[in-house]
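This report concerns only the one structure given below.
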Amino acid sequence: MNPDPLNQVSGARRRGAVIVPAYNEAAVIERTLSPLSRGAAEGFFELIVVCNGCTDGTADVARSIPGVQVLELDQGSKPAALNAGDTAATLWPRLYLDADIQISPASVLAVLDRLAQGDVLAARPDCRYDVDGASTVVRCYYRTRQRLPQHKLAMWGAGAYGLSAAGHERFGFFPMVTGDDFFIDNQFAAHEKVVVPTEPSVVRTPADAKSLLAILRRSHKGNVELSAPARDGSPARAHSTGANTAVAVMRAVGGPRSAVDAAVYLGMALAKRLTAGQARSWERDESSRVAGGTARDGRLHASGLSVECLGCPDDLDRIRAEWDALVELTGSDIYFTVDWLQAWWHHYGRGRTFHGLVFREHGNLVGALPFGVHRVWAGPVPVRLARFVGADSTLPVFTPAITKGYEESVLQAAFELLFEDARCDAVSLSPLSGLSPAVAAAERAADGQKFRTLRSDSHGPHAVFNLPENFELYLQSLSSAQRKAHRRNLRKLNIGSDISFRTISGDAAVEYFDRFETLHATYWRTKGKLGHFGDWPGSADFNRDLISRMAATGRARFYELAGDGRVLAAEYGFVLGDRCYSRLPARDADPELEKLGLGRVSVVEKFRVLIESGHRTVESGPGHYEHKVLLGAEEHALRRIVTTRRSGVSRWRSTLLIAWADLLDLVYYRAWFLKLRRKLRLPPRPLWRPWIQTRV
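Using the working numbering, the first residue of the sequence shown is number 3, and each one after it goes up by one.
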């Protein structure tokens, strides 16, 4: 969820109230309240947390979040908490929100505004079920639930519902029943309630069948209470829907998969009835409130951090501004920005599961780590590998987005999440910049009883240019020979034609890419090679999409050197804050221009533009290139870090994966691709995907 509601909403303040009953929710309530904090503090709505019977730190966590009003009741009763919240609130309409539900401030206001129109009495936001880490039985159950028409219209099951003042007057006080949402749903006719089309609230499902059965028994108990005649002889407050639901489940079957889902759903429905007598007075799902370091989100005991696991790259849109701000603030890379991650996943993410790990302390974002988990093959052996999104296919150099001082705790929590919840055999952080403090932090984080560092070495350098305050200082930093060569070559280029320089960004960069791609490919074709876009499968489509996504921010740039309107050379890269990320060069293949050091002139003149625009660092990518060193680049180790479990099958598989990857690199890439293929004069072909995906 986007933590900055003012970036999502506008209009009048004091538009309603949000009431959050909470019973021992210290592990999860921060993730619920943090996105709503500023909206409450700025007066868009009241935000009231009613702690009822809490014996943990729920109240303290809630009080630490700006804009939150906290009440405490000795009695552990949700209806009592709802009524206490109503007494404290001063505004209508009101949204009643479970403490473990995530919802954006825009969705809150959409529901409140819809109720304020006066034509409906009850409303709820759209919702989605987060089944990440859940068992097959749980996934089957919730797939069926989402197919049921009554679920799409009911007030129950979303963890949030809203009431207008008139709607609330219909019943006065919340009765002492188990299922308040089922009670509310039965107070209103179909035309009196509505599901508002909003950004969905996130309902985290139970992790396993046992936990699912616990909450089903609880809901069944509530339904029985409401379906029974009241003690004073008045009619039942709700009617049993079991038969209608069973019919709807069968009608929703559309194939083998949905038939299996339906069977699971009906089986769980039967089980809750048969085991209803085993239910305790109050049952709830604890598996979605884990506080011990799984991707089910919660406070991590070891580090004191809370963590959220986003299950889809599109979920990053909800925290885009905050995520990208942390990437820039921590000196991380363009490769961790939301646009880059979403573009990469669209083109290369097939067969992988996304784990966007969001780490917070007291509501403040301190770590943002995007991982993709997939199966790779070490010969005939499958290995479940987690690595940073974008680690293969695009030649990045990573500096993880972690606030200074939190590196070890964030990485330790990430390892626990990926090994224990995502069931990974190995986690690769490669390729890491040797300048990143994450290198040493990863080794310390893995130095325990559970995990161990399987690989920690350097596989060549990466180049970084540190630019001074003005261009003359940069030229003075070069050797006398390089400085004279640049001035001489630039003068000769100007003799024969009118040399011009320009920067292309925004929408113009989208149109320019095809021209750049052609220039790049044409040059390398004269060398008997395919160039980057030919070597790396799918890279042209990926970069075209990436530039389009970044058009609005202007982060994608081309630096062009032209003579009499003819493009002689161009440099392709990205900017983020005061950093530039060089990606690829392209230049005219004319041998006469080659003699004038066209490539170096293009790079140096790009530096002139960057210095004038306030950019101070240029990440020039992996590999050793002599011309970069001559132009002032500093080389730093490009680190490979692979972590695995300390014992068991995972360690054996991970060890085999590293050995297999090294063998492929030696035999396929170094021996065949770089040498034998050329000696045999075979036509160039794209790089082999198994080699690309096993570079750990």
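The beta carbon of each residue, even a glycine, is placed where N, CA and C say it ideally should be.
Please return the same chain residues whose Cβ sits closer than 8 Å to the Cβ of residue i, not counting the five positions on each side in sequence.
| i | result |
| --- | --- |
| A91 | A19, I21, E48 and I50 |
| I613 | L469, P470, E471, N472, F473 and Y476 |
| D102 | E27, V30, I31, T34, G161, R206, S290 and R291 |
| R2 | Because the chain is modelled from 3 through 698, residue 2 falls outside the range shown and cannot be assessed. |
| D667 | W693 and R697 |
| R130 | P202, S203, V204 and V205 |
Less than 9 Å separating the beta-carbons of residue i and residue j?
| i | j | result |
| --- | --- | --- |
| L659 | V383 | yes |
| P95 | L114 | yes |
| L480 | V429 | no |
| V466 | A403 | no |
| A1 | K80 | Because the chain here runs from 3 to 698, residue 1 falls outside it and cannot be looked at. |
| P463 | A211 | no |
| V651 | R389 | no |
| H376 | I67 | no |
| P2 | L84 | The structure shown does not extend to residue 2, since the chain spans only 3 to 698, so no value can be given for it. |
| D459 | R641 | yes |
| L434 | V391 | no |
| L359 | A370 | yes |
| Y671 | L689 | yes |
By the DSSP assignment, the beta strand (DSSP E) with residue i in it spans what residues?
| i | result |
| --- | --- |
| G623 | T619 to P624 |
| I21 | A19 to A24 |
| L437 | Run containing L437: none; DSSP gives neither H nor E here. |
| S604 | That residue, S604, is in no beta strand (DSSP E); its alpha helix (DSSP H) goes L600 to E614. |
| L49 | E48 to N54 |
| P127 | A124 to D132 |
| A673 | No beta strand (DSSP E) holds A673; DSSP gives it neither H nor E. |
Near residue i, what residues of its chain come up, given a Cβ to Cβ distance below 7 Å and the 5 sequence neighbours on each side ignored?
| i | result |
| --- | --- |
| N246 | none |
| L570 | L563, A564, R589, D590, L595 and L600 |
| G508 | A553 and G556 |
| F518 | F560, A572, Y574 and A588 |
| M157 | A124, R126, Y163, D183, I186, D187 and K195 |
| G313 | D132, D134 and F356 |
| V606 | H488 and L633 |
| L492 | V603 |
Residue range of the alpha helix (DSSP H) that residue i falls in?
| i | result |
| --- | --- |
| V412 | E409 to E418 |
| S652 | V651 to L666 |
| P37 | I31 to A43 |
| V340 | V340 to Y350 |
| D326 | R322 to L331 |
| W710 | Any answer about residue 710 is impossible in this case: the structure gives the chain only from 3 up to 698. |
| R65 | T60 to R65 |
| R275 | P258 to L276 |
| V631 | E628 to L632 |
| L684 | First-last for L684: undefined, no H or E at that position. |
Per DSSP, which one or two residues make a beta bridge with residue i?
| i | result |
| --- | --- |
| S458 | I643 |
| R559 | S507 and G575 |
| P470 | In DSSP, P470 forms no bridge with anything. |
| S221 | In the DSSP output, where bridge partners are listed per residue, S221 has none listed. |
| A564 | S502 and V569 |
| P463 | A639 |
| A428 | L387 and T646 |
| C582 | V577 and V620 |
| E310 | V360 |
| F453 | R647 |
| Q71 | I50 |
| P587 | E573 |
| T355 | V375 |
Which residues in the same chain have their Cβ closer than 6 Å to the Cβ of residue i, if we skip the five residues on either side of it in sequence?
| i | result |
| --- | --- |
| R282 | The pLDDT assigned to R282 is 49, lower than 50, so where the model puts this residue is not dependable, and the model offers no usable value. |
| R172 | Q189 |
| R585 | Y574 and G575 |
| A136 | T207 and A209 |
| L150 | A250 |
| F175 | N85 |
Do residue i and the ligand FAD come close, with the Cβ less than 8 Å from some heavy atom?
| i | result |
| --- | --- |
| L668 | Ligands are entirely absent from the displayed structure, and the ligand FAD is therefore not among its contents. |
In chain order, what are the residue ranges of uninterrupted beta strand (DSSP E) at least 3 long that sit wholly in the region 141-216? 162-165 and 195-206
Ignoring anything shorter than 3 residues or poking outside the region 479-556, list the beta strand (DSSP E) runs there in chain order. 501-507
At what residue ranges does the region 357-405 contain a whole run of the beta strand (DSSP E), taking only runs of 3 or more? 366-380 and 383-390
Tell me the start and end of each unbroken beta strand (DSSP E) in the region 75-116 that is at least 3 residues and wholly inside, in chain order. 96-99
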